[in-house]
Amino acid sequence: MTKTEKIYELLKDTYPDAKCGLDYTTPFQLLVSTMLSAQATDKSVNKVTEELYMQYPDLDSFLKLSQDEIEEKIRKIGLYKNKAKNIYLMCRELKCKYNGVVPQNMEDLMKLPGVGRKTASVVLVEAFHIPAFPVDTHVFRISRRLGLSKSTTADKVSDDMMKKFPKYKWHLLHHLLITHGRATCTAKKPKCPDCSVRDVCDYYKKVHINSLNNL
DNA sequence: AACTCGGGGCA
DNA sequence: TGCCCAGAGTT
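Under the UniProt record's numbering, think of the first position of the first sequence as 1, with each following residue one higher.
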């Protein structure tokens, strides 16, 4: 069994029900929720979108909102000014350039205001089941610790991960890494003693050897 | 590559 | 009270 296969199997056993934490019912809602989730927790996003999607469930209802009104609706989430502006502009571009339909390819998604490679990847994978590898801070950090990617940009990390894992594993692996990153492989004080993949982890090896040297 | 946007949740 | 959170645009 290769290292990547081992990592995948171990994480799958550790987090049997890893999935997207954002609440949504349509690709459009997922797009909006993902735009809102930048530097915010999925819980706080869900709390805001629960009422928002009740009153404004689709693009046409969003188009009735002014930028200031969107701002007011999402004020409880951080970075709300940028996000409101981007969502406002994104809705209009979606309407006139794409006939109100969320694009199903990376290039068009990334042309939308406020949509970068991470958000585009999430929409492709979650809403359309099109293979893509979203790289957030968790994936970035863990791929480096595990020695899966030494790249310094999210774009390159995404490419590295896609090269190392078969396509059909990308979707679940993405959720496994995020779940792992929140529960165990945290940015600060990672809980290596509790980690199920520490035996194949470069970071753990380094820490382990260093602690032995310090004896 | 560095800087900026940012309120809420949680310890 | 302080720290951190499913990023993207601009310079």
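Where a beta carbon is used, it is the ideal one built from N, C-alpha and C, also for glycine.
Contiguous alpha helix (DSSP H) assignments of at least 4 residues, all confined to the stretch 23-59: You should have 27-36, 42-55.
CA-CA distance, SER61 and LYS19? By one-based count along the first sequence, residue 61 stands at place 61. By one-based count along the first sequence, residue 19 stands at place 19. Going by the C-alpha atoms only, they are around 28 Å apart.
Could you have a look at LEU215 and say whether DSSP puts it in helix, strand or coil? Position 215 of the first sequence, counted from the start, is the residue given in the question as residue 215. Residue placement at LEU215 is poorly supported in this model, since its pLDDT is 41, which falls under 50; the coordinates are not used for a value here.
Boundaries of the alpha helix (DSSP H) in which ASN82 is found, first to last residue: Along the first sequence, read from residue 1 onward, the residue named residue 82 stands at position 82. DSSP places ASN82 in the uninterrupted alpha helix (DSSP H) bounded by 80-97.
Three-state secondary structure assigned by DSSP to CYS195: Here residue 195 refers to the residue found at position 195 when the first sequence is read from its first residue. Looking at CYS195 - three-state DSSP - the assignment turns out to be coil, as it is neither helix nor strand.
If contact is defined by three or more beta carbon pairs under 8 Å, each pair taking one atom from either stretch, is the stretch 30-40 in contact with the stretch 80-87? Three or more beta-carbon pairs drawn from the stretch 80-87 and the stretch 30-40 are found closer than 8 Å, and the two stretches are therefore classed as touching.
Between PHE133 and MET90, is the Cβ-Cβ spacing less than 7 Å? What you label residue 133 is simply residue 133 of the first sequence in a count that begins at 1. What you label residue 90 is simply residue 90 of the first sequence in a count that begins at 1. No, these two residues do not count as a Cβ contact at 7 Å.
Please list the terminal residues of the continuous alpha helix (DSSP H) segment that includes GLY147. As a working note, residue 147 is residue 147 in the first sequence. Where GLY147 is concerned, there is no enclosing alpha helix (DSSP H), given that its DSSP letter is neither H nor E.
Report yes if the C-beta distance between PHE28 and VAL102 is below 7 Å; otherwise report no. One-based indexing of the first sequence puts residue 28 at position 28. One-based indexing of the first sequence puts residue 102 at position 102. For PHE28 and VAL102, yes; Cβs fall inside 7 Å.
Quick one: Cα of TRP170 to Cα of PRO131, how far? Position 170 of the first sequence, counted from the start, is the residue given in the question as residue 170. Position 131 of the first sequence, counted from the start, is the residue given in the question as residue 131. So the alpha carbons of these two residues sit roughly 7 Å apart.
Return the Cβ separation of VAL135 and SER158 in integer angstroms, given the expectation that the two are a contact with Cβ distance under 8 Å. Residue mapping note: residue 135 aligns to position 135 of the first sequence, counting from 1. Residue mapping note: residue 158 aligns to position 158 of the first sequence, counting from 1. Between SER158 and VAL135 the Cβ distance is about 5 Å, and since that is below 8 Å, they are a contact.
Rounded C-alpha distance that separates LEU31 from TYR203: Locating residue 31 in the first sequence gives position 31, where the first residue counts as 1. Locating residue 203 in the first sequence gives position 203, where the first residue counts as 1. Taking the straight line joining both Cα atoms gives about 34 Å.
Below 6 Å CB to CB, which residues in the same chain sit around ALA127 once its five sequence neighbours on both sides are set aside? On the first sequence, residue 127 is found 127 positions in, with the first residue counted as 1. Taken in chain order, the residues that qualify are PRO27, LEU30.
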